[in-house]
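Colleague:
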Amino acid sequence: MMQQATVETISMPTIIPFPARYSAFALCVAGLVACLAFVLVSPHLWLAWIGVAVFAVLAGTGVHDLRQARHAILRNYPVIGHLRFLLEFIRPEMRQYFIESDSEAAPFSRAQRSLVYQRAKGDPDNRPFGTQMNVTIAGYEWINHSMRPTRLAGHDFRIVIGGTPQPAGANPAQVCTQPYSASVFNISAMSFGALSANAILALNKGAKMGGFAHDTGEGSISQHHRVHGGDLIWEIGSGYFGCRNDDGSFSEERFTANARDPQVKMIEIKLSQGAKPGHGGVLPAPKVTPEIAAARGVPVGVDCISPASHSAFSTPTEMMHFVARLRELSGGKPTGFKFCLGHPWEWFGIVKAMQATGITPDFIVVDGAEGGTGAAPVEFSDHVGAPLQEGLLLVHNTLVGVNLRHRIKIGCAAKVITAFDVARMMALGADWCNAARGFMMALGCIQAQSCHTGHCPTGVTTQDPLRQKALVVPTKAERVHNFHRSTLHALQELVQAAGLDHPQQITAHHIVRRISDTEVRLLSNLVMQVQPGALLGPLDEQHNVFRTYWPLASAESFQPVTQGPQGLVAGFAMAA
150 MMQQATVETI
160 SMPTIIPFPA
170 RYSAFALCVA
180 GLVACLAFVL
190 VSPHLWLAWI
200 GVAVFAVLAG
210 TGVHDLRQAR
220 HAILRNYPVI
230 GHLRFLLEFI
240 RPEMRQYFIE
250 SDSEAAPFSR
260 AQRSLVYQRA
270 KGDPDNRPFG
280 TQMNVTIAGY
290 EWINHSMRPT
300 RLAGHDFRIV
310 IGGTPQPAGA
320 NPAQVCTQPY
330 SASVFNISAM
340 SFGALSANAI
350 LALNKGAKMG
360 GFAHDTGEGS
370 ISQHHRVHGG
380 DLIWEIGSGY
390 FGCRNDDGSF
400 SEERFTANAR
410 DPQVKMIEIK
420 LSQGAKPGHG
430 GVLPAPKVTP
440 EIAAARGVPV
450 GVDCISPASH
460 SAFSTPTEMM
470 HFVARLRELS
480 GGKPTGFKFC
490 LGHPWEWFGI
500 VKAMQATGIT
510 PDFIVVDGAE
520 GGTGAAPVEF
530 SDHVGAPLQE
540 GLLLVHNTLV
550 GVNLRHRIKI
560 GCAAKVITAF
570 DVARMMALGA
580 DWCNAARGFM
590 MALGCIQAQS
600 CHTGHCPTGV
610 TTQDPLRQKA
620 LVVPTKAERV
630 HNFHRSTLHA
640 LQELVQAAGL
650 DHPQQITAHH
660 IVRRISDTEV
670 RLLSNLVMQV
680 QPGALLGPLD
690 EQHNVFRTYW
700 PLASAESFQP
710 VTQGPQGLVA
720 GFAMAA
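Using the working numbering, the first residue of the sequence shown is number 150, and each one after it goes up by one.
(1) Hey, could you find the ends of the beta strand (DSSP E) Glu-249 is sitting in?
(2) Please classify Leu-223 as buried or exposed, where buried requires at least 16 neighbouring CB atoms within 10 angstroms.
(3) Pair every Cβ in the segment 605-618 with every Cβ in the segment 340-353, then say whether three or more of these pairs are closer than 8 Å.
(4) Would the segment 581-596 count as touching the segment 533-545 if we require 3 or more Cβ pairs under 8 Å?
(5) Give the single residue among Phe-334, Gly-271, His-231 and Ala-287 whose Cα lies nearest to the Cα of Gln-641.
(6) Using the DSSP secondary-structure output, state which residues sit across from Ser-703 in a beta bridge.
(7) Looking at Val-201: is its Cβ nearer than 8 Å to the Cβ of Leu-185?
(8) Less than 8 Å between the C-beta atoms of Leu-207 and Cys-177, yes or no?
(9) I need the straight-line Cα distance from His-659 to Ser-295, nearest angstrom please.
(10) Which same chain residues, not among the five before or five after Val-451, have their C-beta less than 7 Å away from its C-beta?
(11) DSSP state of Asn-353, grouped into three classes?
(12) When you compare the CB positions of Glu-485 and Phe-462, do they come within less than 8 Å of one another, or not?
(13) Tell me which same chain residues have a C-beta within less than 8 Å of the C-beta of Lys-564, skipping the five on either side of it?
(14) Name the residue from Gln-217, Gly-540, Trp-496 and Pro-426 whose alpha carbon lies nearest to the alpha carbon of Val-527.
(15) Is there contact here, the segment 394-403 with the segment 485-497, by at least three beta-carbon pairs under 8 Å?
(16) Taking DSSP as the reference, what is the three-state secondary structure of Leu-671?
(17) Taking the DSSP output, what are the residues bridged to Arg-663?
(18) Measure the beta-carbon distance from Val-551 to Leu-685 and round it to whole angstroms, keeping in mind my assumption that it falls under 8 Å.
(19) Rounding to the nearest angstrom, what Cα-Cα distance links Pro-456 and Arg-634 in this structure?
(20) Which whole-angstrom value describes the C-beta separation of Phe-390 and Gly-446, a residue pair presumed to lie in contact below a C-beta threshold of 8 Å?
(21) Which whole-angstrom value describes the C-beta separation of Ala-562 and Cys-582, a residue pair presumed to lie in contact below a C-beta threshold of 8 Å?
(22) Going along the chain, which residues of its own chain have a beta-carbon closer than 7 Å to the beta-carbon of Thr-466, five neighbours each way excluded?
(23) Bridge partners of Met-415, per DSSP?
(24) What is the rounded straight-line gap between the Cα of Gly-360 and the Cα of Thr-711?
(25) Report all residues from its chain with a CB closer than 7 Å to the CB of Pro-328; omit the five preceding and five following residues, and keep chain order.
(26) Within a Cβ cutoff of 7 Å, which residues of the same chain sit near Gln-645, ignoring the five residues on either side of it in sequence?
(27) Just the Cα atoms here: how many angstroms apart are Leu-615 and Ile-239?
(28) Name the residue from Ile-454, Arg-476, Val-431 and Val-500 whose alpha carbon lies nearest to the alpha carbon of Thr-464.
(29) What separation, rounded to the nearest whole angstrom, lies between the Cα atoms of Ile-557 and Thr-280?
(30) Quick check on this structure: which residue in Ala-683, Pro-411 and Phe-529 has the alpha carbon closest to the alpha carbon of Gly-481?
(31) In terms of DSSP beta bridges, what is Glu-290 paired with?
(32) Cβ of Ala-338 within 8 Å of Cβ of Gly-366?
(33) With DSSP as the reference, please indicate the residues paired to Phe-486 in a beta bridge.
(34) Leu-236 to Val-188, Cα distance in whole Å?
(35) Using three-state DSSP, classify Phe-341 as helix, strand or coil.
(36) Could you give the distance in angstroms between the alpha-carbon of Gln-315 and the alpha-carbon of Thr-326?
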């Protein structure tokens with residue numbers, strides 16, 4: 150037999166290729182070694198020393214990237230991985246300046262921002278070569294014009310808030326005796342603390358120059374609101390800032406002291422806001438500066454808490470008595486409330502409380518969920534609260550249906566920028582409009598969306614004293630005034646073109662909406678319209694929202710009358 154030869158297999162060591170993703174780090178190390186060699190050869194060569202410093206920092210960064218545990222990208226791509234974070238950081242600016250089209254809205258389009266800037270600066274805002282909008286797309290709207298346009302003397306459109314006749318037997322002490330003649334376009338609620346001192350100064354000076362109102366926001370009246378003497382709407386939130394006891398409860402004494410100031414024209418109870426309805430807030434202790442603490446009546450350096458709900462009332466009826474009490478304590482000034490529509494039965498409960506008590510607010514401001522200058526959780530910004538159109542329509546029609554609309558003025562706020570925005574809201578039932586972000590852009594806001602960071606690039610939404618100095622008050626106040634004046638001038642031209650005498654005459658019959666390529670309809674044929682007094686009788690012929698939720702509402706509770714999940718499920722099914 151032949152002996153079978155055995156072949157011995159020699160194992161070779163496995164060679165692991167150098168990962169290409171480490172190339173940048175390797176080049177940094179190689180550069181450091183090369184520069185060190187140059188230094189050893191030519192110690193007087195200053196460029197070599199600079200190279201050592203630069204490459205030492207880069208190599209050290211690479212070592213740190215490999216050892217850190219927070220970012221997987223940097224562990225796998227040392228040094229060069231930082232490029233991703235840099236590009237991500239500057240992406241919003243690059244998109245805004247180079248990629249975004251004029252009509253893309255996030256949340257305001259370049260065309261909308263440019264219009265505000267032009268009007269604020271007093272630049273011509275006319276556009277040549279026709280509209281850039283797609284007039285054939287579904288949702289496009291326009292206002293019908295008249296063959297006999299009117300000619301109006303001016304654009305200072307005003308409405309009187311408060312002072313409407315009260316029912317027989319009303320307590321004289323609780324009647325509005327100081328009605329306010331308000332512009333139809335005013336500054337919406339933005340607090341000192343959210344805005345800088347210079348922003349507040351410029352807004353209030355602009356309001357003084359233009360004769361329109363400035364809402365203080367929940368943060369109360371600061372020393373900066375008082376400098377120029379512009380008309381104020383004092384907003385009272387759940388934290389009762391400016392009118393609170395040490396334990397956070399409402400203080401009648403402190404309220405009276407502020408409310409009777411002649412500069413304060415109206416009192417507004419904030420139930421909720423469009424940015425984050427149903428959500429409270431906390432101003433962290435480090436941000437509670439002496440100025441903010443003085444305005445809000447809270448301790449310096451302690452967390453400033455805004456509860457999600459009020460402690461001064463817990464039912465719709467108690468709320469109406471609170472409205473009457475504030476009106477009385479203020480000396481008869483118009484008193485109302487602001488809210489973003491949520492559960493319909495809660496709103497209906499408030500209306501039933503008006504009927505039961507005979508107490509009505511002088512005004513209601515409807516905040517749309519698409520509004521909001523304050524930072525909020527994404528889920529709240531995107532998916533909580535009714536948009537302005539739906540909220541405004543329900544509030545207006547409910548008051549019409551119970552014959553209370555003539556006693557209550559309605560304001561609204563949410564992405565109101567142009568004169569057409571104002572006209573459209575009035576067609577849906579508003580008496581006046583407020584704007585927040587529009588006036589922020591008039592101050593110079595570039596929509597950097599860094600309001601909550603304290604690093605606002607234009608000094609509008611920061612408490613950094615150095616950043617605030619970039620906002621020059623006299624110049625920006627003039628721009629606030631210009632934006633208001635130019636917007637109302639454009640509104641005047643729209644009203645004239647429609648053949649009307651005042652924006653309040655604009656109705657849903659004047660607005661046309663495109664439904665499809667081949668169909669358009671008047672807005673009056675698309676939106677809910679309730680006849681006067683219709684909710685005082687049988688609801689069989691009314692909209693589903695009234696048939697379903699009006700019976701669930703109670704003046705004695707914000708909870709629905711029908712308890713238990715089965716009743717509510719049936720109600721939701723009917724409404725759908």
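For glycine and all other residues, C-beta sits at the position ideal for the given N, C-alpha and C.
Modeller: From the atom records:
(1) Taken as a continuous stretch (DSSP letters only), Glu-249 belongs to no beta strand (DSSP E), as it is neither H nor E.
(2) buried
(3) yes
(4) no
(5) For Gln-641, the closest alpha carbon among the candidates Phe-334, Gly-271, His-231 and Ala-287 is that of Phe-334.
(6) Ser-706
(7) Yes. Within cutoff.
(8) Closer than 8 Å, so yes.
(9) 10 Å
(10) For Val-451, where only same-chain residues beyond five positions count, the Cβ hits under 7 Å are Ala-434 and Val-437.
(11) helix
(12) The question names Glu, yet the displayed sequence has Gly at residue 485. Cβ distance not < 8 Å, so Gly-485 and Phe-462 don't count as in contact.
(13) Pro-256, Phe-257, Gly-517, Glu-519, Gly-520, Leu-537, Asp-570 and Arg-586
(14) Pro-426
(15) no
(16) Note: Leu-671 maps to strand in three-state DSSP.
(17) Val-669
(18) 6 Å
(19) 37 Å
(20) 6 Å
(21) 7 Å
(22) The residues are Ala-502, Ala-505, Thr-506, Ala-704 and Glu-705.
(23) Ile-382
(24) Distance between the alpha carbons of Gly-360 and Thr-711: 48 Å.
(25) Val-309, Ile-310, Gly-311, Gly-312 and Pro-483
(26) Pro-298, Thr-299, Arg-300 and Leu-301
(27) 23 Å
(28) Val-500
(29) 38 Å
(30) Pro-411
(31) Arg-662
(32) yes
(33) Ile-418 and Ile-513
(34) Each residue's Cα considered, the two are about 34 Å apart.
(35) DSSP places Phe-341 in the strand class (E or B) of the three-state scheme.
(36) 11 Å
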